[in-house]
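All residue numbers for the sequence shown refer to full-length UniProt numbering, where the first residue is 1 and numbers rise by one.
Virtual Cβ for every residue (Gly too), placed ideally from N, Cα, C.
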Amino acid sequence: MRVLEVPLLSLILIILVSLSQKPTCAVKKSYVVYLGAHSHGPEATLSDLERVTDSHYQLLSTVLGSHEKAKESIFYSYTRFINGFAAVLDMQEAEEISKNPYVFSVFENQGRKLQTTYSWKFLGLEPDTDELLTRSIWKKARYGEDTIIANLDGGVWPESKSFSDEGMGPIPSRWKGTCQNSTNKIDPKKYRTKKGVPWACNKKLIGARYFIDGFANEVGLSNLANKNISARDDTGHGTHTLSTAGGNFVRNVSVSGNPDLGYGTAKGGSPRARVASYKVCWKAINNNQSGCYDADIIAAFDAAIHDGVDVISVSIGPQPSSYFNEGISIGSLHAVKQNILVVTAAGNIDTEASDKNKSGDSNQSVTNIAPWVLTVAANKMDRDFPIKIELGNRKQLIEGQSLYPGSLPEQKPYPLVTGAAARAANSTVRDAQLCLARSLDPAKVKGKILVCLREITLPVTKGGVALQAGAIGMILVNDMSNGEETVAAPYDLPAANINYRDGLTLFSYINSTKSPDLFMTHATTRIGGIPAPAMADYSRKGPNTITPEILK
Numbered sequence: 001m002r003v004l005e006v007p008l009l010s011l012i013l014i015i016l017v018s019l020s021q022k023p024t025c026a027v028k029k030s031y032v033v034y035l036g037a038h039s040h041g042p043e044a045t046l047s048d049l050e051r052v053t054d055s056h057y058q059l060l061s062t063v064l065g066s067h068e069k070a071k072e073s074i075f076y077s078y079t080r081f082i083n084g085f086a087a088v089l090d091m092q093e094a095e096e097i098s099k100n101p102y103v104f105s106v107f108e109n110q111g112r113k114l115q116t117t118y119s120w121k122f123l124g125l126e127p128d129t130d131e132l133l134t135r136s137i138w139k140k141a142r143y144g145e146d147t148i149i150a151n152l153d154g155g156v157w158p159e160s161k162s163f164s165d166e167g168m169g170p171i172p173s174r175w176k177g178t179c180q181n182s183t184n185k186i187d188p189k190k191y192r193t194k195k196g197v198p199w200a201c202n203k204k205l206i207g208a209r210y211f212i213d214g215f216a217n218e219v220g221l222s223n224l225a226n227k228n229i230s231a232r233d234d235t236g237h238g239t240h241t242l243s244t245a246g247g248n249f250v251r252n253v254s255v256s257g258n259p260d261l262g263y264g265t266a267k268g269g270s271p272r273a274r275v276a277s278y279k280v281c282w283k284a285i286n287n288n289q290s291g292c293y294d295a296d297i298i299a300a301f302d303a304a305i306h307d308g309v310d311v312i313s314v315s316i317g318p319q320p321s322s323y324f325n326e327g328i329s330i331g332s333l334h335a336v337k338q339n340i341l342v343v344t345a346a347g348n349i350d351t352e353a354s355d356k357n358k359s360g361d362s363n364q365s366v367t368n369i370a371p372w373v374l375t376v377a378a379n380k381m382d383r384d385f386p387i388k389i390e391l392g393n394r395k396q397l398i399e400g401q402s403l404y405p406g407s408l409p410e411q412k413p414y415p416l417v418t419g420a421a422a423r424a425a426n427s428t429v430r431d432a433q434l435c436l437a438r439s440l441d442p443a444k445v446k447g448k449i450l451v452c453l454r455e456i457t458l459p460v461t462k463g464g465v466a467l468q469a470g471a472i473g474m475i476l477v478n479d480m481s482n483g484e485e486t487v488a489a490p491y492d493l494p495a496a497n498i499n500y501r502d503g504l505t506l507f508s509y510i511n512s513t514k515s516p517d518l519f520m521t522h523a524t525t526r527i528g529g530i531p532a533p534a535m536a537d538y539s540r541k542g543p544n545t546i547t548p549e550i551l552k
């Protein structure tokens, strides 16, 4: 038998290379481990809560090998009503713990996306005469007096007049929440927080909390767009949804101070309710990472149930594949078990997306389909904000929609230019038609009304591009997919959105005229101008994708 001979030097090199190679580390991600409900009652003691947390460490230590590693891994322990925890694990560890008989489900901590002066009169809650007002359901319900509404969203702007406590009595004694009212600034070098200037809750806005550990462990605090960590609203969405649900009466309001646009008294559905904000949605530097993360959502539900709320409002839209693999379904189940109504958003189709199918066909696309939540679709009212558009041939008058509060600089027609005709040298025709950023030549746009196609970016964004390029105004034309559904937007320059049919008329006029021009009036408020009530075209629709026999 021949023996394989290996030179001593080669053998030493092989050993050294093998020793120098580090084992490949598995990718760590944040997960939620859901265990169901707790055995302790609603009046749990501090020792009860500590015992729950310790049980979570014990459970995870069976996978990670030690109590210390489990404690380091877990960043949320849900101890009051929801039993579970959120932890940083690799895929193998997540699969291993999912096999434990005490574990109900394990899922990735994913980011979920966020999805009015006349509304209540339109719904018949606020009749026109005092005689009818005595029979109003709104009045019989005492305007939601002392109902406590929690809002899981992007925070709150406490200075808003909608949250004035004028006319409010003492805070209900059942309220056990808190006002997390300081702003913590992130040190850009160490990403640690420093306390900033506090702000106040009151007898209307009775509570505010924020939950960021889910975002921090999945995205990282270094990727937070606003380096301030607080319950304050960064985008306006949370303030909008909370004031819609329970904002106080605010008189003499309108769009941008223009009495012709939506003038009246703003109020929420329950103007005498108490409100509390639970911030779970965060804006990242990379907008694709912005969102409301499951681990934070569950923590907020657990806190809101404990705080003593009556209603939880959630305008966040997950794409469910199971009732128990996302935070809203799980959190709302435990809330409903405590007789708390949970109101959720059906979700909106992205009508500006370049590929409508990727953003979801409106049929069978509804979010928040758990049977135990109230799911609300977007609907149209009979109020709109028309703007009259007169083509330069003086023979054709078309109508658009706008919330721009002013008029053209002078009461005269202005020359028209299409985005395609104003294309910048380094831009594609398609980008210029859509008036995307850096697609237009300012020399071709300045002093003219720019015609853009609606798609890809939001109407207000296109208005900003037009203004930056030097346009006097803008006409936003629907493509075939948007059809007749126009949107009134708060533009930064005189602008209007017109439907597809009128868009064909406009382009026919431009293409057949040597020097096309156009004049448009300022926007006004019109009641009864459109058929309503009707579901909005952009609203997601049923049926339920998991349990079709349960209507949604």
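Return helix, strand or coil for residue i, following the three-state DSSP convention.
i           : result
residue 372 : coil
residue 429 : helix
residue 388 : strand
residue 28  : strand
residue 192 : Confidence at residue 192 is low in this model, with a pLDDT of 46, below 50, so the placement of that residue is unreliable and no value is reported for it.
residue 342 : strand
residue 147 : coil
residue 58  : helix
residue 395 : coil
residue 140 : helix
residue 486 : coil
residue 331 : helix
residue 414 : strand
residue 48  : helix
residue 33  : strand
residue 64  : helix
Taking 9 angstroms as the cut-off, decide whether the C-beta atoms of residue i and residue j are in contact.
i           : j           : result
residue 522 : residue 260 : yes
residue 149 : residue 310 : yes
residue 111 : residue 219 : yes
residue 162 : residue 248 : yes
residue 398 : residue 517 : no
residue 374 : residue 342 : yes
residue 321 : residue 368 : no
residue 59  : residue 109 : no
residue 366 : residue 548 : no
residue 506 : residue 465 : no
residue 154 : residue 235 : yes
residue 49  : residue 73  : no
residue 371 : residue 529 : no
Excluding the 5 residues preceding and the 5 following residue i in the sequence, name in chain order all residues of the same chain whose CB lies nearer than 7 angstroms to its CB.
i           : result
residue 471 : 445, 448, 449, 450 and 493
residue 43  : none
residue 416 : 448, 449, 451, 510, 516, 517 and 518
residue 363 : 541
residue 225 : 283, 284 and 285
residue 412 : 519
For residue i, which residues from the same chain have a beta carbon less than 6 angstroms from its beta carbon, with the 5 sequence-adjacent residues on both sides left out?
i           : result
residue 484 : 499
residue 441 : 422 and 424
residue 77  : 53, 56 and 85
residue 263 : 254
residue 469 : 440, 442 and 445
residue 280 : 152, 211, 292, 296, 297 and 300
residue 433 : 419, 420 and 453
residue 67  : 57 and 61
On a CA-only basis, which of the options is nearest residue i? Give me that one, please.
i           : options               : result
residue 346 : 463, 337, 313 and 325 : 313
residue 306 : 548, 294 and 276      : 276
residue 177 : 34, 207, 363 and 243  : 207
residue 36  : 323, 278, 544 and 164 : 323
residue 269 : 138, 338 and 166      : 138
residue 435 : 443, 426, 419 and 427 : 419
residue 406 : 459, 251 and 255      : 255
residue 393 : 204, 514, 241 and 31  : 514
residue 339 : 304, 325, 241 and 326 : 304
residue 199 : 288, 232 and 495      : 232
residue 151 : 45, 301, 69 and 87    : 301
Return the chain-ordered list of same chain residues with a C-beta closer than 8 angstroms to the C-beta of residue i, the five sequence neighbours on each side being excluded.
i           : result
residue 92  : 26
residue 379 : 532, 533, 534, 535, 536 and 539
residue 201 : 158, 179, 181, 207 and 208
Can we count residue i as close to the ligand ZN, meaning its CB is less than 8 angstroms from some heavy atom?
i           : result
residue 550 : With respect to the ligand ZN, the structure offers nothing, as it holds no ligand at all.
Please report whether the beta-carbon of residue i lies at a distance below 9 angstroms from any beta-carbon of chain B.
i          : result
residue 99 : Among the protein chains of the structure shown there is no chain B, as only one such chain exists.
request  = Would you list, in sequence order, the uninterrupted alpha helix (DSSP H) runs of no fewer than 4 residues that lie entirely inside the stretch 69-119?
outcome  = Fully enclosed alpha helix (DSSP H) runs of no fewer than 4 residues occupy 91-98 of the stretch 69-119, in order along the chain.
message = Threshold first: 4 residues or longer. Then list the alpha helix (DSSP H) segments lying entirely within the stretch 254-326, N to C.
response = Positions of the alpha helix (DSSP H) runs, each at least 4 residues long and wholly inside the stretch 254-326, are given as 294-307 in order along the chain.
task = Mind listing, in chain order, the continuous beta strand (DSSP E) runs of no fewer than 3 residues lying wholly within the stretch 164-242?
result = 184-186, 193-195 and 205-210, all fully within the stretch 164-242.
inquiry  = Quick check on the DSSP output: what are the complete beta strand (DSSP E) runs of length 3 or more inside the stretch 424-479, in order along the chain?
reply    = Fully enclosed beta strand (DSSP E) runs of 3 or longer: 449-453 and 473-477.
query = Can you give, in chain order, each stretch of the alpha helix (DSSP H) that sits fully within the stretch 510-538 and has at least 4 residues?
reply = For the stretch 510-538, not a single whole alpha helix (DSSP H) run of length 4 or above is found.
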